[in-house]
Amino acid sequence: MLTAKDASGSMFTLPITADFEMLHTIRKRKFFCPCCDGDLILKAGSIKIPHFAHKSSIECTAASEPESQYHLLGKRKLFSWLLSRGISAELESYLPGIRQRADILAVIGEVTYAVEFQCSSISQAEFEKRTNSYRRAGISPVWLLSEKSMDSNSRTNFNMNAFQSLFLCGSTAAPFLLTYCPLENLLIIRRNIVAFSPRKWLGESAAFLLDRLPPKMNLKLQTPNWFYEWWRNRESWCASMVNHGSIKNPFLLKLYANGLSVASLPAEIGIPVCGSHMIETAAIQWQFLIYLGALINVPVNGIVTAGVVKKCVSRHIKRGDIRLRSLPLLDEVNAWIPAMDYLKLLDTAGYLEKISGSAWRKRKDFTILETKQEQQEFFRRWHLILKDHWQCGDRNFSDYFPLFR
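The sequence shown begins at 1 in full-length UniProt numbering and counts up one residue at a time.
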């Protein structure tokens, strides 16, 4: 920690720069933890950022996980940046009412924000507990994930585990992921995010030097450029299922039971839809379950109803075939949102025709691609459909996060 209570009860924050003599003077003084009143010692070296630590391994009510130098540097830089913006901020503020210590507490107008820069994994329960405690106290939590924890394969492909997905924030329909790198002082915003499978994601990132953030951050969310990556991922996923999938795999068993195989899987199953971040199950699998339960047996010119699709999705959620993500920073997690967007895309592409608010007429069957030419034509057509579908326009990032105005 960077702040402590001295013998008089006053708060003391370690200076950003301190020479050996100053550190020697500080070391002679007595300091106590603002949270548990335990004795603290100063830790400093030629490489380490000077910081306080508990003298003995006592149980501190506000302690969470060991702090790394990366975390200490991040807190320090974020705090200094907020002050430079004229924002009232307090470093390592302890809130006795909820027995939590925020990395930074900042106030803008009548709104108080708790800024948490998370560099190590914590449990989902702990993340939700901290988030809910802040909200009950009337404080808006702003969680920043450590950029060095991200596993990015390319500019648009990245891996994200269940812990990291907890940080999705902003709009329920089209969330952001905020990460920070104190070494380069970069705020990275990932947007146009779509989930392909439990760990594989696609999206676009924009990096901003913290000291050069524009005063009003309008993110021009133009058409995503990850469509090619999505189809490549779909091909790789299917190939992996053929080569390495267990014969007892529930997905494969359902395919075989319905006279299908991975090779003959209709191309319209596994389409990138808005809201896919809410479902942990791979897009190909949950869309196949909708196809199987609500579309495959409907003849051309037959009727598909929202009620049947909803029952199908609910049934598979109860069985555990479709798993939802925990996204505590978003207002809603509802599998019907991506399922409805899937039906909307099928309507746009001409497979369904909307005839009322909750019913569609089936216009044609799904496609089983057999030749390379068919694949290319299908891809070109769907690329145009998805391009129009994902035209999100401008989104004012600052409306969600006034701290970054």
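Glycine is no exception: its CB is placed at the ideal position from the N, C-alpha and C atoms.
On the CB-based measure, 16 or more other CB atoms within 10 Å of its CB, does Asp394 come out buried or exposed? For Asp394, the predicted model reports a pLDDT of 46, less than 50, meaning its position is unreliable; a value from the coordinates is still stated below. It counts as exposed.
Specify, as a first and last residue, the run of the alpha helix (DSSP H) that Val242 falls within. Phe227 to His244
Per DSSP, what kind of secondary structure is Gly350 in: helix, strand or coil? coil
Buried versus exposed, by CB contacts within 10 Å (16 or more), Ser246: With fewer than 16 other Cβ atoms within 10 Å, it is exposed.
Along the chain, where does the alpha helix (DSSP H) that runs through Lys129 open and close? Gln124 to Arg136
Answer yes if the stretch 140-153 comes into contact with the stretch 104-122, meaning at least three C-beta pairs across the two stretches below 8 Å, and no otherwise. yes
Count the CB pairs spanning the stretch 178-185 and the stretch 65-77 that are closer than 8 Å, and state whether there are at least three. yes
To which residues of the same chain is residue 410 closer than 6 Å at the C-beta, ignoring the five residues directly before and after it? Residue numbering for the chain in the displayed model covers 1 to 405; residue 410 lies beyond these limits and cannot be assessed.
Taking C-beta to C-beta, are Arg190 and Ser171 nearer than 8 Å? no
Where does the unbroken alpha helix (DSSP H) through Val107 begin, and where does it stop? Element bounds for Val107: not the alpha helix (DSSP H) but the beta strand (DSSP E), Gln100 to Ile108.
Run through the DSSP bridge pairs and tell me what Cys181 is partnered with. Leu186
In terms of residues, what are the limits of the alpha helix (DSSP H) holding Glu67? No alpha helix (DSSP H) holds Glu67; DSSP gives it neither H nor E.
Beta-carbon contacts of Leu324 that lie in its chain and below 8 Å, excluding the five residues immediately before and after: Answer for Leu324: Met278, Ile279, Glu280, Ile317, Val333 and Ala335, listed in chain order.
Helix, strand or coil, according to DSSP, for Ala4 in the structure here? Correct three-state label for Ala4: strand.
Beta-carbon contacts of Ile139 that lie in its chain and below 6 Å, excluding the five residues immediately before and after: Thr112 and Ala114
Flag this pair as touching only if the stretch 298-311 and the stretch 257-276 have three or more C-beta atom pairs under 8 Å; answer yes or no. no
What do you get for residue 406, buried or exposed, if any count of 16 or more other CB atoms within 10 angstroms of its CB means buried? One cannot answer for residue 406 here, as it falls past the ends of the chain, which runs 1 to 405.
Cβ neighbour criterion (16 or more within 10 Å) applied to Ser165: buried
Is the beta carbon of Arg363 closer than 8 Å to that of Glu377? Between Glu377 and Arg363, the C-beta spacing is not below 8 Å.
Does DSSP put Gly393 in a helix, a strand or coil? With a pLDDT of 46 at Gly393, under the threshold of 50, the modelled position of this residue cannot be trusted; read the value that follows with caution. In the structure shown, Gly393 sits in a strand (DSSP, three-state: E or B).
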